[in-house]
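*Asks:* I have a structure I would like to understand better, so I am pasting it below and will then ask my questions one at a time.
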Amino acid sequence: MSGTGHNRFFVYAEGAGRAHGHVIEAPSFEAAAVGYAELFFPPVNAGNEVRLFVADTEGGREHCFVIDLEDGQAETCG
């Protein structure tokens with residue numbers, strides 16, 4: 151964890167791949183996903199959603215989120 155109280159996460163979008171991922175500092179996996187979507191404009195599907203994979207750079211745990219760009223809601227992938 152950094153001195154800012156945020157963790158470091160590696161985030162990449164489905165369809166763009168890990169090579170286009172970025173390290174994001176955020177307080178949570180979900181916040182990292184939203185931060186990535188706001189900064190890097192990942193590929194959008196037909197439902198106006200983006201699917202993002204978020205990995206903790208320290209422990210390696212990975213989560214998947216779908217963000218609805220119309221209402222800004224993030225949910226875990228189903």
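When we follow my numbering, the leftmost residue of the sequence shown carries the number 151, and every step to the right adds one. A virtual CB, placed ideally from N, CA and C, is assigned to each residue, including glycine.
1) Since residue 183 contacts residue 160 with CB under 8 Å, what's their CB separation in whole angstroms?
2) Whole angstroms are fine: how far does the CA of residue 192 sit from the CA of residue 180?
3) Residue range of the beta strand (DSSP E) that residue 160 falls in?
4) Nearest by alpha-carbon distance to residue 197: which of 220, 163 and 190 is it?
5) Excluding five sequence neighbours on each side, which residues of the same chain lie with their C-beta closer than 7 Å to the C-beta of residue 171?
6) Excluding five sequence neighbours on each side, which residues of the same chain lie with their C-beta closer than 6 Å to the C-beta of residue 187?
7) From residue 158 to residue 177, what distance separates their C-alpha atoms?
*Replies:* With the structure as the only source:
1) Residue 183 sits at position 33 when you count from the first residue of the sequence shown. Residue 160 sits at position 10 when you count from the first residue of the sequence shown. Rounded, the Cβ-Cβ distance is 11 Å, inconsistent with contact.
2) Taking the sequence shown and counting its residues from 1, the one referred to as residue 180 is at position 30. Taking the sequence shown and counting its residues from 1, the one referred to as residue 192 is at position 42. Cα to Cα, residue 180 sits roughly 15 Å from residue 192.
3) Counting from 1 along the sequence shown, the entry for residue 160 is found at position 10. Unbroken beta strand (DSSP E) run through residue 160: 157-163.
4) Translated into positions along the sequence shown, residue 197 becomes position 47. Comparing Cα positions, the closest option is 220.
5) Translated into the one-based positions of the sequence shown, residue 171 becomes position 21. Answer for residue 171: 160, 161 and 162, listed in chain order.
6) Within the sequence shown, the letter at position 37 stands for residue 187. These residues qualify, in order along the chain: 200 and 217.
7) Position 8 of the sequence shown, counting from 1, holds the residue named residue 158. Position 27 of the sequence shown, counting from 1, holds the residue named residue 177. Each residue's Cα considered, the two are about 9 Å apart.
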